[in-house]
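In what follows, a single structure is set out as structure tokens and then discussed.
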Amino acid sequence: MGRRYLGGVLAKRVIPCLDVHDGQVTRGVQFGKAEAGGLRNVGDPVELALRYNEQGADEMVFFDITASAHERSTMVEVIERVAERCFMPLTVGGGIRTLEDMGRMLRAGADKVSINSAAVANPDLIRAGAEKYGSQCIVVSIDAKRVGPDRWTVRTRGDRTDTGLEVVEWACRAVELGAGEIVLNSIDADGTKAGYDLEITRRVSEAVGVPVVASGGAGRLEHMVEVLVQGKADAVLAASIFHFGEYTVDEVKAFLERQGIPVRRDRLAA
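Quick note on the numbering used here: the sequence shown kicks off at 7 and runs consecutively.
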């Protein structure tokens, strides 16, 4: 579920991300707009998942951006429906605060669970999750914000809380506790389509011994090449460019391959 190899060469992954609100995929213009109500309805998560499955997505990430218990139940149903029809690995994040929450999503069909604010509030949750379900199931998502010329800190609660934690230090601690993967989201770049934050992605990638998924800022195919090569990421995560039809997963993979970046060729377009 982590790093994948083709003939001994590390294959890079392309991962669409679906933000789910009350059973529908939505997208804010920029980080934090979900809390402000600035959401645009994108479509049915199962239909989108099937589309990306056919396009050759390596994995799929679902983030539950709702809060109520009823809507959490809706998310479980979404994962069950997707898992029945799609055969790529599924990661689910948002609102996962306990081992029971993790188990519920894994039983619904998720392969991995992603924790963010809950991990910061209770780092032992990472260790407990890894011990119970295996490190390969535990993803720690980090929202990083540049706060100085050479410093990034971890934010939580939709950028409302600066935890004071230094991003690279927190990523290393999360891996020491048992995280099997890091999703690194740049708050500054998210929604801008101006490119990923290459510097913090490279620093985290070089510091940890697990796959790092780059998130936030994808606008052009070249951005993905940059973060995989210069940022040394293991995978790229994107939302808007896929949801609104700017690029297909096939097109991204074909472009990466033309740049000499190894990708899985399953259903790869010519």
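Ideal Cβ positions, reconstructed from N, Cα and C, are used throughout, including at glycine.
Legend entry - Nearest residue (CA-CA) to G223, options V210, Y202, G215 and P22: Counting from one through the sequence shown, the residue named residue 223 turns up at place 217. Closest option to G223, Cα to Cα, is Y202.
Inset, instruction - Since I believe M108 is in contact with G140 (beta carbons under 8 angstroms), could you give me their beta-carbon distance rounded to a whole number of angstroms? - result: Mapped onto the sequence shown, residue 140 falls at position 134. Mapped onto the sequence shown, residue 108 falls at position 102. Contact doesn't hold; Cβ gap of about 11 angstroms is too wide.
Inset, instruction - With T207 as the anchor, note down where its alpha helix (DSSP H) starts and where it stops. - result: By 1-based counting over the sequence shown, the position of residue 207 is 201. Residues L204 to A213.
Legend entry - For A241: DSSP bridge partner residues: What you label residue 241 is simply residue 235 of the sequence shown in a count that begins at 1. Paired residues: R19 and V219.
Legend entry - Assumed close pair E219, L183 - CB separation to whole angstroms, cut-off 8 angstroms: Here the question's residue 219 lines up with position 213 in the sequence shown. Here the question's residue 183 lines up with position 177 in the sequence shown. Glu is not the amino acid found at residue 219; the sequence shown has Val there. Contact doesn't hold; Cβ gap of about 18 angstroms is too wide.
Legend entry - Beta-carbon spacing of G115, E137 below 7 angstroms: Within the sequence shown, the letter at position 109 stands for residue 115. Within the sequence shown, the letter at position 131 stands for residue 137. Contact flag unset, no.
Inset, instruction - Output the distance between the C-alpha atoms of V31 and G100, rounded to the nearest integer angstrom. - result: Reading the sequence shown from its first residue, position 25 is the one you call residue 31. Reading the sequence shown from its first residue, position 94 is the one you call residue 100. The straight-line gap from Cα to Cα measures roughly 14 angstroms.
Inset, instruction - For the beta strand (DSSP E) containing M66, list its first residue and its last residue. - result: On the sequence shown, residue 66 is found 60 positions in, with the first residue counted as 1. Start and end: M66 to D70.
Inset, instruction - Let me know if A127 comes out buried or exposed under the rule of 16 or more other beta-carbons within 10 Å of its beta-carbon. - result: Taking the sequence shown and counting its residues from 1, the one referred to as residue 127 is at position 121. It is exposed - the Cβ of A127 has fewer than 16 other Cβ atoms within 10 Å.
Inset, instruction - Tell me whether G251 is buried or exposed, calling it buried when 16 or more other Cβ atoms sit within 10 Å of its Cβ. - result: In the sequence shown, the residue the question calls residue 251 occupies position 245. G251 should be labelled exposed.
Inset, instruction - Sort H249, D168 and E83 by Cα distance to Q61 and report the nearest one. - result: In the sequence shown, the residue the question calls residue 61 occupies position 55. If we check each option's Cα against that of Q61, H249 comes out closest.
Inset, instruction - Hey, could you find the ends of the alpha helix (DSSP H) E228 is sitting in? - result: For the purposes of this step, residue 228 is taken as the residue at position 222 of the sequence shown. Note, E228: alpha helix (DSSP H), L227 to V235.
Legend entry - Cβ pair count under 8 angstroms reaching 3, the region 195-211 against the region 233-240: yes
Inset, instruction - Kindly identify the DSSP beta-bridge partner or partners of E172. - result: Counted from its first residue, the sequence shown places residue 172 at position 166. Note: E172 sits in a beta bridge opposite T159.
Inset, instruction - Out of L171, V160 and G215, state which residue places its alpha-carbon closest to the alpha-carbon of E187. - result: The residue labelled residue 187 in the question sits at position 181 within the sequence shown. Ranking L171, V160 and G215 by Cα distance to E187 puts G215 first.
Legend entry - Proximal residues to K18 (C-beta, below 7 angstroms), its chain only, five neighbours per side dropped: For the purposes of this step, residue 18 is taken as the residue at position 12 of the sequence shown. Hits under 7 angstroms: L234, D240, A241, L262, I267, P268 and V269.
Inset, instruction - Please classify I144: does DSSP put it in a helix, a strand, or coil? - result: Translated into positions along the sequence shown, residue 144 becomes position 138. It is a strand residue.
Inset, instruction - Below 8 angstroms CB to CB, which residues in the same chain sit around V153 once its five sequence neighbours on both sides are set aside? - result: For the purposes of this step, residue 153 is identified with residue 147 of the sequence shown, where counting begins at 1. Hits under 8 angstroms: T159 and D168.
Inset, instruction - On a CA-only basis, which of A195, E172 and A213 is nearest A244? Give me that one, please. - result: Looking up residue 244 in the sequence shown gives position 238. Per the Cα distances, A195.
Inset, instruction - Could you tell me which of I71, Y58 and L56 sits nearest to N47, measuring between CA atoms? - result: Along the sequence shown, read from residue 1 onward, the residue named residue 47 stands at position 41. Per the Cα distances, I71.
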